[in-house]
Every structure is written in C-alpha cells, then in structure tokens.
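**Q** If you scroll down you'll find the structure; I have some questions about it.
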Amino acid sequence: MKKPSFAALLYRELLLIKKLLLAYGIGSLIFILFPVLILLSFRFGNLKLIIPEDAISGSMTIIKLMPIMAAGMFAMLPSDAASKDIAKPIWDYFRRSTQVSAARLALAKTVMNIIGLTVSLIISIPLTYIIAYAAGTTVTGNDIGLSLLFVTFMEFMSVVFGAAMYYFKSVDKGGLFMSGITAACVVGFMTPTMGELTKLPPNHPQRDVIMEAYLNDVITNVAPFTPLMLIGVILIQFALLLFIFKRREK
Amino acid sequence: MNDYTNAIEISGLTKKYDGFTLDNVSFNVPKGSIMGFIGQNGAGKTTTIRTLLNITKCDAGSIKLLGLDHIQNEYEIKEHIAAVFDEIPFHESFNAIQVGKMFRGLYSGWDEQKYSEYLDRFSLPRKKKIAKFSKGMKMKLQISAALSHGARLLIMDEATTGLDPVVRNEILDIFREYLQDEENSILMSSHITSDLDKIADCVTFIDKGKLLLTGYKDEILESHGLLKCSKDDFKEIASEDYISARVTDFGVEAMVSDRAKAKQKYSGALIEKTNLEEIMLFYVNREKKEWS
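One line per chain: the protein sequences are A and B, in this order.
Just so we're aligned, residue 1 is where the first sequence starts under the working numbering, counting upward by one.
Just so we're aligned, residue 1 is where the second sequence starts under the working numbering, counting upward by one.
Now the structure itself:
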C-alpha cells in the first residue's frame, strides 16, 4: 500500500508560505541594501563628512546586524505555516481522515524547517562578507560566529513558536509563550554583565565596550557549537511535533 | 479489501464529556446504501463521526469500517474512505489545481481525469483562489476531491448545511451516481431532513447522545404516523401509545411509532403518514410528552 507522498505534504507547506516568502525576499533586499548604502556612505560619502568617526562605532554594530537579522528571518517561515494550520482547525480533522500519519506530517514540517534554516545560513554568510566590505573591515571568525549564533537563535524561536502554537492550538497563546521564552533568553544572556552595567550611567561609552567584549566572549565560546545546537533543535522539533500530532481529542 | 456486508458497524459506542455522553450507540450502514444520520445540533452526530475517523478516542465500543477494525487497520481503511466536512479544510490561498496536486500525492488511487470532470461538471474555476469561492463552490470542490480517489465510503459531516436548495440538489444527484456502484456507501449526517427524505436508504436518529431510531427509512416512515384528534379525544389515547403530542388550540397531533396498531386501537382517529422532520421533532420532545 503506497503511503502518502512526502512531496505532497512539502508542497502544501510551500503553498502556505509562498506569500510570506515573497514578502521576506523583498524585505530582505531592503534590509541588505539600506545598511550597505549607509556603510558605504560612512566610508566614502556624505555621512563621512558630517558624522565624526568616533560617533559612528555604536551605530555600526546595529547596522551590520540588520542584514543578518533579515537572513535569520527565513528560519521563521515554517512558523507561518503553523499559524495557518492553527487558523484552520478543520485541516487537522481532514488530515486525520487520511493516511497522513503524525510522523509523516512532523517530518514534513521538520524538513520545511531545515529548508528555511538552510536558506538563512546560505544568505547570512555571504552577507557577512558584503557588510564587512561595505564597512571597510575584514571578516573575522567572530563575524561568522555572530551570523551563525543569530540564525541558531532564530531557528530556536521558530521551533518554540511553532510547537507552542500547535500545543495550545492558538496563535496568540503560542506568541505569548514565545515572548516569555525570548524574555527569559534575553535576561539570561544579559545577567553576567548586569553587575558592571548597572554601575555606569545610561549612555556611558564604557557600556558599549563592556557589551562588545561580552558579546565577543560569547561568540568565541559558543559559536563553535552552533552546528550541534542546530541539530539538537531540529531533533527536538521533530519529537515535539510528533508528540503533538499524535494527540487525540479526549 | 476483504468482503463485508456493512460499510460501517458501530457497536456500543460510548464517549463521555463533561455535560454530555454519547451513550451506547449501535448501528450499521449496509454496503451500497446511504445512511442519513439525523439529530438536532449537539445531539452527538459529529462526535460519532470523529470517533469513526479515530480523531477522537472512544471510551467503549467497537467500530468497523469496510469490515476492518477502525484502529488496528486505520491506515488501510483511510485509503478507501473520504470525509467531507461542513467547512473546507484547504487553505483559502489554494486553488483547485493545487488541491488536485496535493491529493495526487495523498492517495494512490487518485484519478486526475475524474477530478477534472467533476470540476467541469460543477463549473469550478481551476485557478481561482478558494477565498473567492462561494460556500456552495467550496463544498463542490471538497466533494470533487473526495470522489476522485476511489473511496468506497463517503462520510459527510453536515456538509450540506448552509447550501441553497439548487446546490444541495446537484450534490444529491452526484451521490445517486456514486451509489450506482454497489460497493460504495455514504454516511451523511444532517439536520436537513428533506435531503435525507429524498436520498437516504437508511436513517439513524440520535438525540442527546442516545440512539432513538435506526433502520430502513421506508420502514420507519411506514411504521410511524401522525395521529390527529381533538383535545377531548386525546384524553382517550394511552400515554404509552404515542411518542409525544403537540397540543394547540385547534387540536392535538401525536406521533405514533406503530401506525398499524394505532389504527386498530383508535379506529376512529385520523392517522396520517409522516416525514423525517416530524419524526425528529416529536422524538426530540418525547420527554415533555405534551408540548406546543
């Protein structure tokens, strides 16, 4: 007996995210072009004439991050498909009336996630080089590490959001849960530096130095483990989705 | 598939929720027939169907679909059944072509030619998004897909609710054609009894989780009748001889479940034929006994 085609399920997932994929694509171009133009202007253009060099450095970090954020957003695409499933609960009843098993559906969604992640990674690494060129710097290991870490974080949030939506059968509750986890991650990330930062007044230039040193430290120590972390996140996603899709109404 | 007499066999089906219990429901859908599954809103029709499809776990009872156990042989069965719901399960951004492509991958028996013929027959546009379809068009698309993969059992959960009479008639015609192959069967839940009057071979009536009637429609209609009399004459009618009675200023109408016996016992009374809607109405009010 032939099982439902995996390709059919992937096809459905792609149809669900088609519109958002296009929107992300266009948005990404803006998110990439805009910072590159600003950086080039800092180096060669009008901004170099009007803004002192020491005032630029704080903004530089955010500007350099923008394209990486755009690339990382592609990892969130599968959670959009999840939100569409939740908005149409009858799909789950229909799915259960067919031969599509919980395992096959969980696998299709996980593969979709891997595709989104791959696009993120493929875009983020060349972007790191483009940004470095525009900023007049060279790409360091930490720059690559930052890209990988950011994509890993976005992947983690996508998995949390998607699983939470399916578990609570609600986009709002899934979003609240993800916000909670995000807040916990930010607090956890900032905690080691809180002691030093709270001693300094707001806008003190030393704050940037402390944050940059801390960030570099994290990247150096954690980034090498991102491949393992990504594998772990993907496996956890599959297990969570399998558990959720196997649940029957009581 | 193995040989079987009944497309659906339900025995002692029980499912408990807070405030509602599907209580020991048993009925069969003979192969080659269409079973009208009737009851008012909240009677337990959808719960029964979800249990059949193993969407919901049952607390007790056994279910066989196409002669096979609905849990042990779940995947084998689901190749040969199609469920149609009151709401289209495909996303609004899809179109008919995309739905067909998806189904081609989901079912090994998918017949693209047949699907195309149904789309033409129903005049459904292929490239228009489902979001722009009317309710009737959405239902026709669902049915087109359901009937294009060689399903032997069609399970319809309130699928004709909210459709206009013209569309409902079109759909009923399709079902008559589907049943010309005697291997095919339909379970159709509805509270639109006029549709079932037209098409059903068998009827099962459920109310508040309890099975009240099941059997061949013609036999049920033949055995039931509406006894009409004055209020004074109604006092002579024994309570156990009628299901319930509608009392108005103009007289009394009482539903009897054994028309022949009632004719014999109350020979002076007018006992008319009835229909499924009236049967449903009077059975729903059986606890009140007299109502208006």
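Yeah, the Cβ is synthetic: ideal placement off N, Cα and C, and Gly gets one too.
Looking at Leu213/B: is its Cβ nearer than 8 angstroms to the Cβ of Val203/B?
**A** Residue numbering aside, residue 213/B sits at position 213 when the second sequence is read from its first letter. Residue numbering aside, residue 203/B sits at position 203 when the second sequence is read from its first letter. Yes; because the gap between Cβ atoms is below 8 angstroms, this pair is in contact.
**Q** How should Gly25/A be labelled, buried or exposed, when 16 other C-beta atoms within 10 angstroms of its C-beta is the threshold for buried?
**A** Position 25 of the first sequence holds residue 25/A. Classification for Gly25/A: exposed.
**Q** Find the nearest neighbour of Ile55/B within the set Lys15/B, Lys101/B and Glu183/B, judged by alpha-carbon distance.
**A** As a position in the second sequence, residue 55/B is number 55, starting the count at 1. Per the Cα distances, Lys15/B.
**Q** If the cut-off is 9 angstroms on Cβ atoms, which residues from the stretch 33-57 of chain B count as contacting chain D, listed in chain order?
**A** Annotation note: the requested chain D is absent from the structure, which comprises protein chains A and B.
**Q** To the nearest angstrom, how far is it from the Cα of Glu92/B to the Cα of Leu147/B?
**A** Indexing the second sequence from 1 puts residue 92/B at position 92. Indexing the second sequence from 1 puts residue 147/B at position 147. Taking the straight line from one Cα to the other gives about 21 angstroms.
**Q** Does any heavy atom of the ligand SAH sit closer than 7 angstroms to the C-beta of Val218/A?
**A** In terms of ligand content, the structure shown is empty, and the ligand SAH therefore cannot be addressed.
**Q** In chain B, which residues lie less than 9 angstroms from Tyr11/A when you measure between Cβ atoms?
**A** Within the first sequence, residue 11/A is the residue found at index 11, counting from 1. What Tyr11/A touches in chain B: Gln98, Lys101, Met102 and Gly105.
**Q** Would a C-beta distance cut-off of 8 angstroms place Met256/B and Gly225/B closer than the cut-off?
**A** The residue labelled residue 256/B in the question sits at position 256 within the second sequence. The residue labelled residue 225/B in the question sits at position 225 within the second sequence. Sequence inspection shows Val at residue 256/B; the Met mentioned does not correspond to that position. Contact: yes.
**Q** Would Glu196/A pass as an interface residue toward chain B - the criterion being a Cβ-Cβ separation below 8 angstroms?
**A** To locate residue 196/A, count along the first sequence from 1; it is residue 196. No, Glu196/A lies away from the interface with chain B (no Cβ there is under 8 angstroms from its Cβ).
**Q** Per the contact definition of three or more C-beta pairs closer than 8 angstroms, is the stretch 89-103 of chain A in contact with the stretch 40-48 of chain A?
**A** Flag = no, the stretch 40-48 of chain A and the stretch 89-103 of chain A do not touch.
**Q** Using a Cβ-Cβ cutoff of less than 6 angstroms, which residues in the same chain neighbour Ala269/B once the five nearest sequence positions on both sides are dropped?
**A** Reading the second sequence from its first residue, position 269 is the one you call residue 269/B. Taken in chain order, the residues that qualify are Leu227 and Cys229.
**Q** Output needed for Leu241/A: all residues of its chain with C-beta closer than 6 angstroms, excluding positions within five of it in sequence on either side, in chain order.
**A** The residue given as residue 241/A occupies position 241 in the first sequence. Ala106 and Lys109, listed in sequence order.
**Q** At the 8 angstroms Cβ level, is Leu15/A part of the contact set with chain B, yes or no?
**A** Here residue 15/A corresponds to residue number 15 of the first sequence, with the count starting at 1. For Leu15/A, the answer is yes, since a Cβ of chain B falls inside 8 angstroms of its Cβ.
**Q** Can you tell me whether Ser144/B is buried or exposed, with buried defined as 16 or more other CB within 10 angstroms of its CB?
**A** Reading the second sequence from its first residue, position 144 is the one you call residue 144/B. Ser144/B should be labelled buried.
**Q** Per DSSP, which one or two residues make a beta bridge with Gly251/B?
**A** As a working mapping, residue 251/B is identified with position 251 in the second sequence. Gly251/B pairs with Thr248/B.
**Q** Would you be able to state if there are at least three C-beta pairs under 8 angstroms between the stretch 228-238 of chain A and the stretch 142-155 of chain A?
**A** The stretch 142-155 of chain A is in contact with the stretch 228-238 of chain A.
**Q** Listed in chain order, which residues of the stretch 91-117 of chain A have Cβ atoms closer than 9 angstroms to some Cβ of chain B?
**A** If the cut-off is 9 angstroms between Cβ atoms, the stretch 91-117 of chain A has Trp91, Asp92, Tyr93, Phe94, Arg95, Arg96, Ser97, Thr98, Gln99, Val100 and Ser101 near chain B.
**Q** When Cβ atoms are compared, which residues of the stretch 69-83 of chain B fall closer than 8 angstroms to chain A?
**A** For the stretch 69-83 of chain B, which is checked against every Cβ of chain A, the residues closer than 8 angstroms are Tyr75, Glu76, Lys78, Glu79, Ile81, Ala82 and Ala83.
**Q** Return helix, strand or coil for Asn95/B, following the three-state DSSP convention.
**A** Sequence index remark: in the second sequence, residue 95/B carries index 95 (1-based). If DSSP states are grouped into helix, strand and coil, Asn95/B belongs with the strands.
**Q** With contact counted as at least three CB pairs below 8 angstroms, one residue from each stretch, are the stretch 149-168 of chain A and the stretch 68-85 of chain A in contact?
**A** Flag = yes, the stretch 149-168 of chain A and the stretch 68-85 of chain A touch.
**Q** Starting from the Cα of Ala251/A, find the closest Cα among Lys88/A, Ile122/A and Tyr167/A and give me that residue.
**A** This structure does not reach residue 251/A, given that chain A is present from 1 up to 250, and the question cannot be answered.
**Q** List in chain order: all unbroken alpha helix (DSSP H) runs of 4+ residues lying wholly within the stretch 137-219 of chain A.
**A** Fully enclosed alpha helix (DSSP H) runs of 4 or longer: 141-168 and 171-199.
**Q** Using a threshold of 8 angstroms, state whether the C-beta atoms of Ala164/A and Met154/A are closer than that.
**A** The sequence position of residue 164/A within the first sequence is 164, counting from 1. The sequence position of residue 154/A within the first sequence is 154, counting from 1. Against a cut-off of 8 angstroms, the Cβ pair of Met154/A and Ala164/A comes out as no contact.
**Q** Return helix, strand or coil for Gly67/B, following the three-state DSSP convention.
**A** Reading the second sequence from its first residue, position 67 is the one you call residue 67/B. Three-state result, Gly67/B: coil.
**Q** With a threshold of 8 angstroms, are at least 3 pairs of Cβ atoms found where one atom belongs to the stretch 281-290 of chain B and the other to the stretch 241-259 of chain B?
**A** The stretch 281-290 of chain B, when compared against the stretch 241-259 of chain B, does touch it at the 8 angstroms Cβ threshold.
**Q** Does any residue of chain A have a CB that is nearer than 8 angstroms to the CB of Ser189/B?
**A** Position 189 of the second sequence, counting from 1, holds the residue named residue 189/B. No, no contact with chain A.
**Q** Could you tell me which chain A residues have their CB closer than 7 angstroms to the CB of Phe85/B, listed as they occur along the chain?
**A** Here residue 85/B corresponds to residue number 85 of the second sequence, with the count starting at 1. Within chain A, the residues near Phe85/B are Ile90, Tyr93 and Phe94.
**Q** How about Thr193/B and Glu277/B: do their beta carbons lie closer than 8 angstroms?
**A** Counted from its first residue, the second sequence places residue 193/B at position 193. Counted from its first residue, the second sequence places residue 277/B at position 277. Yes.
**Q** If you check the beta carbons only, do Thr160/B and Ile171/B fall under 8 angstroms apart?
**A** Sequence index remark: in the second sequence, residue 160/B carries index 160 (1-based). Sequence index remark: in the second sequence, residue 171/B carries index 171 (1-based). Contact flag set, yes.
**Q** Look at the alpha carbon of Asn95/B and the alpha carbon of Lys128/B, and state the distance between them as a whole number of angstroms.
**A** Taking the second sequence and counting its residues from 1, the one referred to as residue 95/B is at position 95. Taking the second sequence and counting its residues from 1, the one referred to as residue 128/B is at position 128. Cα-Cα distance, rounded: 6 angstroms.
**Q** Given this structure, state the Cα-to-Cα distance separating Glu236/B from Lys132/B, to the nearest angstrom.
**A** Counted from its first residue, the second sequence places residue 236/B at position 236. Counted from its first residue, the second sequence places residue 132/B at position 132. Taking the straight line joining both Cα atoms gives about 60 angstroms.
**Q** What does Pro4/A reach in chain B if we use C-beta pairs closer than 8 angstroms?
**A** By 1-based counting over the first sequence, the position of residue 4/A is 4. Under the 8 angstroms cutoff, chain B gives Gly105, Leu106 and Tyr107.
**Q** CB-CB under 7 angstroms to Thr226/A, same chain, minus the five flanking residues each way: which ones, in chain order?
**A** The sequence position of residue 226/A within the first sequence is 226, counting from 1. Once the five neighbours on either side are set aside, the close Cβ partners of Thr226/A are Leu148, Leu149 and Thr152.
**Q** Which of helix, strand or coil does DSSP assign to Ser79/A?
**A** Taking the first residue of the first sequence as 1, we reach residue 79/A at position 79. In the structure shown, Ser79/A sits in a helix (DSSP, three-state: H, G or I).
**Q** By DSSP's criteria, Thr193/B is part of a beta bridge. Which residues make up the other side?
**A** Reading the second sequence from its first residue, position 193 is the one you call residue 193/B. Paired residue(s): none; Thr193/B is not in a bridge.
**Q** What are the residues that DSSP puts in a beta bridge with Glu28/B?
**A** Indexing the second sequence from 1 puts residue 28/B at position 28. Checking the sequence shown, residue 28/B turns out to be Asn, not Glu. Asn28/B is bridged to Glu9/B.
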